[in-house]
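Accompanying notes for the structure given below.
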Amino acid sequence: MKRERIKTVILAWLPAILYMALIFALSSIPVLASYSKHLPFRDKGAHFLEYAILGALTTHASGRTFPELHRARVFLFGVALATVFGISDELHQAFVPGRRADFGDIIADFLGAAVGGLVRLTIRR
Numbered sequence: 322m323k324r325e326r327i328k329t330v331i332l333a334w335l336p337a338i339l340y341m342a343l344i345f346a347l348s349s350i351p352v353l354a355s356y357s358k359h360l361p362f363r364d365k366g367a368h369f370l371e372y373a374i375l376g377a378l379t380t381h382a383s384g385r386t387f388p389e390l391h392r393a394r395v396f397l398f399g400v401a402l403a404t405v406f407g408i409s410d411e412l413h414q415a416f417v418p419g420r421r422a423d424f425g426d427i428i429a430d431f432l433g434a435a436v437g438g439l440v441r442l443t444i445r446r
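Numbering (our numbering), first residue to last: 322 to 446.
Encoded structure:
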């Protein structure tokens, strides 16, 4: 791989990786769980928005990494990656005191990632 290509790929993935680290760090804080217990729809909305951003970032990075792929495949890869991360984060939360894994959060994560990925593809091309 050429040096310039490596730089392009790293710069494409860096925002997504840093954002995933932020999500992981925030989901490790037990105190944040108490704020969303009484407002389940607000919690789902936060998950949707959080993963819409991640879906846009992973779709962007996928497109920069695999420019030869059809847009639909770039979209599917970006959304799948964001969704798998969402599932792993929910499993992680099962081990954080005061938090729990929630299937509804996974659905909100997937829907947000899909909308974010679509918005990213629409804006870019």
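No residue lacks a Cβ here, since even glycine has one placed at the ideal position from N, Cα and C. As the structure is a prediction and not an experimental result, all values here were calculated from the model.
Helix, strand or coil, according to DSSP, for Leu412 in the structure here?
helix
Would DSSP call Ser349 helix, strand or coil?
coil
With respect to the alpha helix (DSSP H) encompassing Phe387, which residues constitute its N-terminal and C-terminal limits?
Taken as a continuous stretch (DSSP letters only), Phe387 belongs to no alpha helix (DSSP H), as it is neither H nor E.
Beta carbon of Asp423 nearer than 8 Å to that of Thr404
no
Using alpha carbons as the reference points, say which of Glu411, Ile428, Leu332, Glu371 lies closest to Ser349.
Glu411
For the alpha helix (DSSP H) containing Arg445, name the first residue and the last one.
424-445
Measuring alpha carbon to alpha carbon, tell me which residue in Ile427, Phe396, Trp334 is nearest Arg445.
Phe396
Taking Cβ positions, are Thr386 and Gly399 nearer each other than 8 Å?
no
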